[in-house]
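Numbered by my numbering, the letters in the sequence shown go through residues 79 to 144 in order. Think of the CB as a built atom: it goes at the ideal place given N, C-alpha and C, for glycine as much as any other residue. Following: one structure in structure tokens, then a few remarks.
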Amino acid sequence: MQRMMLEELKKEVEAFLVSERMSATALGREAVSDPNFVHDLRKGREPRFKTVRAVTSFMQRKQKGD
Numbered sequence: 079m080q081r082m083m084l085e086e087l088k089k090e091v092e093a094f095l096v097s098e099r100m101s102a103t104a105l106g107r108e109a110v111s112d113p114n115f116v117h118d119l120r121k122g123r124e125p126r127f128k129t130v131r132a133v134t135s136f137m138q139r140k141q142k143g144d
């Protein structure tokens, strides 16, 4: 994943956590069945495209109220 895209994903995830009042662990668990996902992302993990798609889709659905 390109560095620029990774930084954008991190920003989106952090903003989502604040706006939805969700913990990092809960987001990872609910979006991709990985409670460490956000923590690992913060440490520099570079997720696969499929994982990014799952996380961003989850965040979009959650923000729409689904």
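- Task: Would you kindly report the start and end of the unbroken alpha helix (DSSP H) that includes residue 98?
- Result: Counted from its first residue, the sequence shown places residue 98 at position 20. 81-98 is the extent of the alpha helix (DSSP H) around residue 98.
Problem - Neighbour-count burial assignment, residue 83, 16 or more Cβ in a 10 Å radius - result: For this step, residue 83 is matched to residue 5 along the sequence shown. With fewer than 16 Cβ atoms within 10 Å of its Cβ, residue 83 is classed as exposed.
Which residues in the same chain as residue 145 place their Cβ atom closer than 7 Å to its Cβ, once the five residues preceding and following it in sequence are excluded? Because the chain is modelled from 79 through 144, residue 145 falls outside the range shown and cannot be assessed.
(Q) Quick check: the Cα distance between residue 86 and residue 143, rounded to an integer number of angstroms? (A) Counted from its first residue, the sequence shown places residue 86 at position 8. Counted from its first residue, the sequence shown places residue 143 at position 65. Straight-line Cα distance between these residues: approximately 23 Å.
### Alpha-carbon spacing of residue 137 relative to residue 106, whole angstroms
On the sequence shown, position 59 is the one that residue 137 refers to. On the sequence shown, position 28 is the one that residue 106 refers to. In this structure, the alpha-carbon of residue 137 lies about 11 Å from that of residue 106.
Q. Nearest CA to the CA of residue 75: which residue from 128, 132, 116 and 126?
A. What is shown of the chain runs 79 to 144, which leaves residue 75 out entirely.
_Taking a contact to mean a Cβ-Cβ separation below 8 Å, would you say residue 102 touches residue 132 in this structure?_
Translated into positions along the sequence shown, residue 102 becomes position 24. Translated into positions along the sequence shown, residue 132 becomes position 54. The Cβ atoms of residue 102 and residue 132 do not sit closer than 8 Å to each other.
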